[in-house]
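Colleague: Supplied in structure tokens, the structure appears directly below.
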Amino acid sequence: MRKVVSLKDIAQKAGVSAALVSYVLNNTRVNRVNKETAKKIRAIAEEMNYNVNQLARGLKTNKTFTLGLIVSNIGNPFSATLARFIENESARHQYTTLFGSSDENKKKFEQLVNTFVNRQVDGLILSPPAGSEDIIGQLQDRGVPFVLLDRYYPGIPASYIALDNYTASFEAVQHLFAGGRKRPAMVSYGNELFHIQERNRGFIEALKKNKVTAPGNLLQLVDVADDKKEIENAIDTLLSAVPRVDALILGSNTIATCGLRYINKLPVKVPSDIALISFDQAEMLDVFYSPVTYVKQPLEEIGRLAIKTLLETIANPKGLISIKVPATLVVQESTKAVSAQ
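Going by my numbering, the sequence shown opens with residue 687, and the numbers climb by one from there.
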């Protein structure tokens, strides 16, 4: 059996004390350790295949060095990519991340929350499904550190990291008008999640700013639980509207994936007949015959901020950190300006 490498073994090879090795490998008192010495210790630890004894570390610090992450759907590329960035960032801080997927189901979300809390994770990063305010309130009453991710509740004082959905949606519509479009429409979800409501609000306000009549008729809402047929029906409704719709925003990557497959079967041409914008980068955006303009969320930055905020919340449970990050509109062929066609 291979011998387990200890702090003392590393200290002997580095010619320093075991306490100093502990400071370096546990990222404590970092300002009091010479950078070259710290670099040498980490190199020796890696060379000797040193693994942190999490049990011993936990007994000493009263922590498990595990974090719980609950996303809406780990099968969705948006959630999966974000989860990977969060996992990488937590590992950089010597934490292990446990994953769960609520599938937009409140009961399953609550079960996952209770499972992670019972496993004594040090904190939670949560993308709650609709109607989960009471569960968030219970976590606050129990004193469990958590950060809301992508979704948050304006009426609940809690730390969160989220996209500035209102501005992202508003600017997407402005881009369409700048390209000569006169009557944009949108397919989005019809639920109470605040980030979706903000996305929809940004769309409506941009239409009002550009003096579009009856803007509410240009927003079709679908059910997140049964969206394929509803998305197709919503697109049919919008494309048959009078006055004619000349641009379409697909309000999520799931809506975009389904919507693009359907639009590809219809007798409309992109971008000559209709311009397209997607929220998030869906699988079909680059393989669609006209590469689709999309609202890009900075997922790596969001993941980094989520871990940073959670660790700060663990250290100071009474502090509140609210961060909205800006989106980037990645302009491609599908929104080519009317005058340039």
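Even glycine gets a Cβ: it sits at the ideal position worked out from N, Cα and C.
Please read these numbers as outputs of a predicted model, since none were measured by experiment.
(1) So, helix, strand or coil for F889, using DSSP?
(2) Quickly, what does DSSP pair Y875 with across the bridge? List them, please.
(3) Kindly list the residues whose CB is nearer than 7 Å to the CB of D695, restricted to its own chain and excluding five residues on each side of it in sequence; keep chain order.
(4) Per the contact definition of three or more C-beta pairs closer than 8 Å, is the segment 1004-1011 in contact with the segment 842-857?
(5) Leaving aside the five residues before and after R828 along the sequence, list all residues of the same chain whose C-beta is less than 8 Å from its C-beta, in chain order.
(6) Three-state secondary structure (DSSP) at I811?
(7) Based on DSSP bridge pairs, tell me the residues matched to A854.
(8) What is the residue span of the beta strand (DSSP E) that A1023 lies within?
(9) E1019 to G866, Cα distance in whole Å?
(10) Count the other CB atoms, across all protein chains shown, that sit within 10 Å of the CB of Y781; report buried if there are 16 or more and exposed otherwise.
(11) Please classify E773: is it buried, with 16 or more other beta-carbons within 10 angstroms of its beta-carbon, or exposed?
(12) For L741 and T783, what's the separation of their Cα atoms in angstroms?
(13) Taking all protein chains shown into account, decide if V981 is buried (16 or more other Cβ within 10 angstroms of its Cβ) or exposed.
(14) Throw me the rounded Cβ distance for the D932 and A900 pair, which I believe falls under 8 Å.
(15) Can you tell me whether T899 is helix, strand or coil according to DSSP?
(16) For V707 versus A697, is the C-beta spacing smaller than 8 Å?
(17) Can you find at least 3 beta carbon pairs, one from the segment 913-924 and one from the segment 861-875, that sit closer than 8 Å?
(18) Beta carbon of G754, beta carbon of L834: below 8 Å?
(19) When the Cα atoms are used, what is the spatial distance from K699 to A731?
(20) Going by the DSSP bridge assignment, what does E785 pair with across the sheet?
(21) Can you tell me which residues form a DSSP beta bridge with L962?
(22) Reducing DSSP to helix, strand and coil, say where I917 ends up.
Modeller: This is what the structure gives:
(1) As a working note, residue 889 is residue 203 in the sequence shown. Three-state DSSP puts F889 in a helix.
(2) Start at 1 with the first residue of the sequence shown, and residue 875 comes out as number 189. Beta-bridge pairing links Y875 to V908.
(3) Position 9 of the sequence shown, counted from the start, is the residue given in the question as residue 695. M734, listed in sequence order.
(4) yes
(5) On the sequence shown, residue 828 is found 142 positions in, with the first residue counted as 1. Only V803 meet the Cβ criterion.
(6) As a working note, residue 811 is residue 125 in the sequence shown. Three-state result, I811: strand.
(7) For the purposes of this step, residue 854 is taken as residue 168 along the sequence shown, with counting starting at 1. Per DSSP, none; premise fails for A854.
(8) Indexing the sequence shown from 1 puts residue 1023 at position 337. Counting along the chain, A1023 falls outside any beta strand (DSSP E), and DSSP gives it neither H nor E.
(9) Within the sequence shown, the letter at position 333 stands for residue 1019. Within the sequence shown, the letter at position 180 stands for residue 866. Looking at the two C-alpha atoms, the distance is approximately 14 Å.
(10) Within the sequence shown, numbered from 1, the residue matching residue 781 stands at position 95. Burial call: buried.
(11) Counting from 1 along the sequence shown, the entry for residue 773 is found at position 87. So E773 counts as buried.
(12) As a working mapping, residue 741 is identified with position 55 in the sequence shown. As a working mapping, residue 783 is identified with position 97 in the sequence shown. Only weak support is given to the placement of L741: the predicted model assigns it a pLDDT of 45, under 50, and the value that follows is read from those uncertain coordinates. Those two C-alpha atoms are separated by around 16 Å.
(13) Taking the sequence shown and counting its residues from 1, one reaches residue 981 at position 295. Buried is the call here.
(14) Numbered from 1 along the sequence shown, position 246 holds the residue referred to as residue 932. Numbered from 1 along the sequence shown, position 214 holds the residue referred to as residue 900. That belief does not hold up - the Cβ atoms of D932 and A900 are roughly 15 Å apart, past 8 Å.
(15) Along the sequence shown, read from residue 1 onward, the residue named residue 899 stands at position 213. Coil.
(16) Translated into the one-based positions of the sequence shown, residue 707 becomes position 21. Translated into the one-based positions of the sequence shown, residue 697 becomes position 11. Yes, these two residues count as a Cβ contact at 8 Å.
(17) yes
(18) Counting from 1 along the sequence shown, the entry for residue 754 is found at position 68. Counting from 1 along the sequence shown, the entry for residue 834 is found at position 148. Contact: no.
(19) Here residue 699 refers to the residue found at position 13 of the sequence shown. Here residue 731 refers to the residue found at position 45 of the sequence shown. Roughly 10 Å between the two C-alpha positions.
(20) As a position in the sequence shown, residue 785 is number 99, starting the count at 1. Glu is not the amino acid found at residue 785; the sequence shown has Phe there. Paired residue(s): L755.
(21) By one-based count along the sequence shown, residue 962 stands at place 276. Beta-bridge pairing links L962 to L934.
(22) Sequence index remark: in the sequence shown, residue 917 carries index 231 (1-based). Three-state DSSP puts I917 in a helix.
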